[in-house]
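Participant:
Residue numbers (this note's numbering): 485 to 864.
Following this line, the structure appears as structure tokens:
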């Protein structure tokens, strides 16, 4: 199968998805364009950006190649726009620099399209336009600056970037590399900045209200690291790692060994799979004065950590300690059953699985416990 045929098949599948997305938009037209932002609206905005706007970007990309060809005196003998990919065939007597410019021009259009919404995002107050602009900018810039260069250059499949990064065409290729890397670095820093993080949170009124309330508490208690630790944990839960790190760093400067700081550090490190740091912080926190619910959570965290590292003997005491505080917790019972099964204590594991089934808060938890119970036959 040729590369063009493979691209056509992918474009066909994506094109059918484009029709599906447009159909969904027609069915949800009024609810999508209102000011009530829902998870379904967010998902639809992301799909519209990819399946509808990206193809328009592909067309303009090829148009950029065509315009550059005409600019340097060439002719376009074939122009192909196949929705999610395309190409032109230029003809003429081109210098190496002109050949480079023809290859670069379409990508310059693609990068410009991705950057175009960025300065307007803080000024877009209507949720649908804001989400469409944000989703398109992220996806278009990833396509233009990462995915397409990697596909055409690093994988050796040909394409524009093989010519763009032909370093015999000096100094254009060298300058482009410097600007390319600087742009990637700048966008990465912008994405992780406090301003960008707060802008993303402001899209969700309930989330930003929680953040503002904790920030106000931190201002009222300037020497207390606890509100800052709570902010770090909250921003981590909301997916804003940059803000989370900033708040945690501020809390640690006040008191690195404060219980709330240790707890936030343990939870964040565990979610990031930095298990050594998570264990150290959780064990240190357990040596401090903690409210019962926080002690329960840390024992549960350490139990999960040891289970995931296949250390059931170390996990069991933490599960016992957690269950002493919450004997009807189906999740804890499930993990104690898993731990006892690994230790070969099948009868006790069976009892825990059965109890986890009885206390399961939902069908998914019940199904998981039932599967665990059924698995005991293979561990006899």
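Note that the Cβ used here is the ideal one computed from N, Cα and C, for glycine as well.
My guess is that residue 635 and residue 597 are in contact by the Cβ rule of under 8 Å, so how many angstroms apart are they, rounded?
Facilitator: Locating residue 635 in the chain shown gives position 151, where the first residue counts as 1. Locating residue 597 in the chain shown gives position 113, where the first residue counts as 1. That pair is no contact at about 18 Å.
Participant: Per the contact definition of three or more C-beta pairs closer than 8 Å, is the segment 829-847 in contact with the segment 801-817?
Facilitator: Yes, since at least three Cβ pairs between the segment 801-817 and the segment 829-847 fall closer than 8 Å, the two stretches touch.
Participant: Please report the straight-line C-alpha distance between residue 849 and residue 604, rounded to a whole angstrom.
Facilitator: For the purposes of this step, residue 849 is taken as residue 365 along the chain shown, with counting starting at 1. For the purposes of this step, residue 604 is taken as residue 120 along the chain shown, with counting starting at 1. The straight-line gap from Cα to Cα measures roughly 44 Å.
Participant: Please classify residue 644 as buried or exposed, where buried requires at least 16 neighbouring CB atoms within 10 angstroms.
Facilitator: Reading the chain shown from its first residue, position 160 is the one you call residue 644. The residue is buried, with at least 16 neighbouring Cβ atoms inside 10 Å.
Participant: Of the choices 517, 744, 731 and 556, whose alpha-carbon is the least far from that of residue 610?
Facilitator: As a working mapping, residue 610 is identified with position 126 in the chain shown. With distances taken between Cα atoms, residue 610 lies closest to 517.
Participant: Excluding the five sequence neighbours on either side, which residues of its own chain have a C-beta within less than 8 Å of the C-beta of residue 584, listed in chain order?
Facilitator: Within the chain shown, the letter at position 100 stands for residue 584. Answer for residue 584: 647, 648, 650, 653, 656 and 657, listed in chain order.
Participant: Can you find the residues in the same chain that come closer than 7 Å, C-beta to C-beta, to residue 501, ignoring five residues on each side of it along the sequence?
Facilitator: Working through the chain shown from its first residue, we reach residue 501 at position 17. Around residue 501: 535.
Participant: In whole angstroms, give me the CA-to-CA distance for residue 757 and residue 792.
Facilitator: In the chain shown, counting from the first residue as 1, residue 757 sits at position 273. In the chain shown, counting from the first residue as 1, residue 792 sits at position 308. If you take the alpha carbons of residue 757 and residue 792, they lie about 10 Å apart.
Participant: When the distance is taken between beta carbons, is residue 716 closer than 8 Å to residue 678?
Facilitator: Numbered from 1 along the chain shown, position 194 holds the residue referred to as residue 678. Numbered from 1 along the chain shown, position 232 holds the residue referred to as residue 716. In this structure, residue 716 does not lie closer than 8 Å to residue 678 by Cβ.
Participant: Given 8 Å as the limit, is there contact between the segment 538-554 and the segment 568-585, that is, 3 or more CB pairs closer than that?
Facilitator: In short, these stretches touch, since the Cβ pair count reaches three.
Participant: With distance defined between alpha-carbon atoms, name the residue in 683, 572 and 772 nearest to residue 615.
Facilitator: Looking up residue 615 in the chain shown gives position 131. Answer by Cα proximity: 683.
Participant: Given this structure, state the Cα-to-Cα distance separating residue 745 from residue 711, to the nearest angstrom.
Facilitator: As a working note, residue 745 is residue 261 in the chain shown. As a working note, residue 711 is residue 227 in the chain shown. For residue 745 and residue 711, the distance between alpha carbons rounds to 9 Å.
Participant: So, using beta-carbon positions, are residue 752 and residue 720 closer together than 8 Å?
Facilitator: Looking up residue 752 in the chain shown gives position 268. Looking up residue 720 in the chain shown gives position 236. Against a cut-off of 8 Å, the Cβ pair of residue 720 and residue 752 comes out as a contact.
Participant: Which ranges does the alpha helix (DSSP H) cover as unbroken runs of at least 4 residues, wholly within the segment 580-629, from first to last along the chain?
Facilitator: With a minimum length of 4 residues, the continuous alpha helix (DSSP H) runs that stay inside the segment 580-629 are 580-599 and 611-626.
Participant: By DSSP, does residue 862 sit in helix, in strand, or in coil?
Facilitator: Within the chain shown, the letter at position 378 stands for residue 862. Low local confidence applies: a pLDDT of 49 at residue 862 is under 50, so the model's placement there is unreliable, with the coordinate-based value given in what follows. If DSSP states are grouped into helix, strand and coil, residue 862 belongs with the helices.
Participant: Take residue 769 and list the residues in its own chain whose beta-carbon comes closer than 7 Å to its own, dropping the five residues that flank it on each side.
Facilitator: In the chain shown, counting from the first residue as 1, residue 769 sits at position 285. 743, 746, 747, 750 and 782.
Participant: Which residue wins for smallest C-alpha separation from residue 601, given the options 590, 591 and 613?
Facilitator: Here residue 601 is taken as the residue at index 117 of the chain shown, counted from 1. The shortest Cα separation from residue 601 among 590, 591 and 613 belongs to 613.
Participant: Taking the alpha carbon of residue 832 as the point to measure from, which residue in 857, 542, 809 and 810 has its own alpha carbon closest?
Facilitator: In the chain shown, counting from the first residue as 1, residue 832 sits at position 348. The option with the nearest alpha carbon to residue 832 is 857.
Participant: Which residue marks the beginning of the alpha helix (DSSP H) containing residue 763, and which one marks its end?
Facilitator: Position 279 of the chain shown, counting from 1, holds the residue named residue 763. That run of the alpha helix (DSSP H) goes 759-770.
Participant: Could you say which of 567, 776, 538 and 587 lies nearest to residue 549 if we only look at CA atoms?
Facilitator: Locating residue 549 in the chain shown gives position 65, where the first residue counts as 1. Here the closest residue by C-alpha is 587.
Participant: How far does the alpha helix (DSSP H) with residue 563 in it reach, from first residue to last?
Facilitator: If you number the chain shown from 1, residue 563 lands on position 79. Run containing residue 563: none in the alpha helix (DSSP H); it sits in the beta strand (DSSP E), 559-565.
Participant: For residue 533, I'd like the list of residues in its chain whose CB is within less than 7 Å of its CB, leaving aside the five on either flank, ordered along the chain.
Facilitator: For the purposes of this step, residue 533 is identified with residue 49 of the chain shown, where counting begins at 1. Once the five neighbours on either side are set aside, the close Cβ partners of residue 533 are 616, 619, 620 and 623.
Participant: Are residue 772 and residue 800 close, meaning C-beta to C-beta below 8 Å?
Facilitator: The residue labelled residue 772 in the question sits at position 288 within the chain shown. The residue labelled residue 800 in the question sits at position 316 within the chain shown. Contact flag unset, no.
Participant: Suppose you measure from the CA of residue 706 to the CA of residue 503; what does that come to, to the nearest Å?
Facilitator: Counting from 1 along the chain shown, the entry for residue 706 is found at position 222. Counting from 1 along the chain shown, the entry for residue 503 is found at position 19. In a straight line, the C-alpha of residue 706 is about 55 Å away from that of residue 503.
Participant: So what does residue 572 bridge to, in DSSP terms?
Facilitator: The residue given as residue 572 occupies position 88 in the chain shown. In DSSP, residue 572 forms a bridge with 563.
Participant: On a CA-only basis, which of 660, 681 and 493 is nearest residue 581? Give me that one, please.
Facilitator: For this step, residue 581 is matched to residue 97 along the chain shown. Of the listed residues, the one whose Cα sits closest to residue 581 is 660.
Participant: Just to confirm the assignment, what range does the alpha helix (DSSP H) spanning residue 658 have?
Facilitator: Position 174 of the chain shown, counted from the first residue, corresponds to residue 658. Per DSSP, residue 658 belongs to the alpha helix (DSSP H) from 656-675.
Participant: In its own chain, which residues sit with a C-beta less than 6 Å from the C-beta of residue 537, not counting the 5 before and 5 after it?
Facilitator: As a position in the chain shown, residue 537 is number 53, starting the count at 1. Here the set comprises 620.
Participant: Near residue 798, which residues of its chain fall below 7 Å by C-beta distance, leaving aside the five closest residues on each side in sequence?
Facilitator: In the chain shown, residue 798 corresponds to position 314, counting from 1. Result list for residue 798: 790, in chain order.
Participant: Alpha carbons only, please: which of 674, 675, 670 and 728 is nearest the one belonging to residue 695?
Facilitator: Here the question's residue 695 lines up with position 211 in the chain shown. That would be 728, whose Cα lies nearest to the Cα of residue 695.
Participant: Write down the C-beta distance between residue 531 and residue 505 rounded to the nearest angstrom, noting that I regard them as a contact closer than 8 Å.
Facilitator: Here residue 531 corresponds to residue number 47 of the chain shown, with the count starting at 1. Here residue 505 corresponds to residue number 21 of the chain shown, with the count starting at 1. That belief holds up - the Cβ atoms of residue 531 and residue 505 are roughly 5 Å apart, short of 8 Å.
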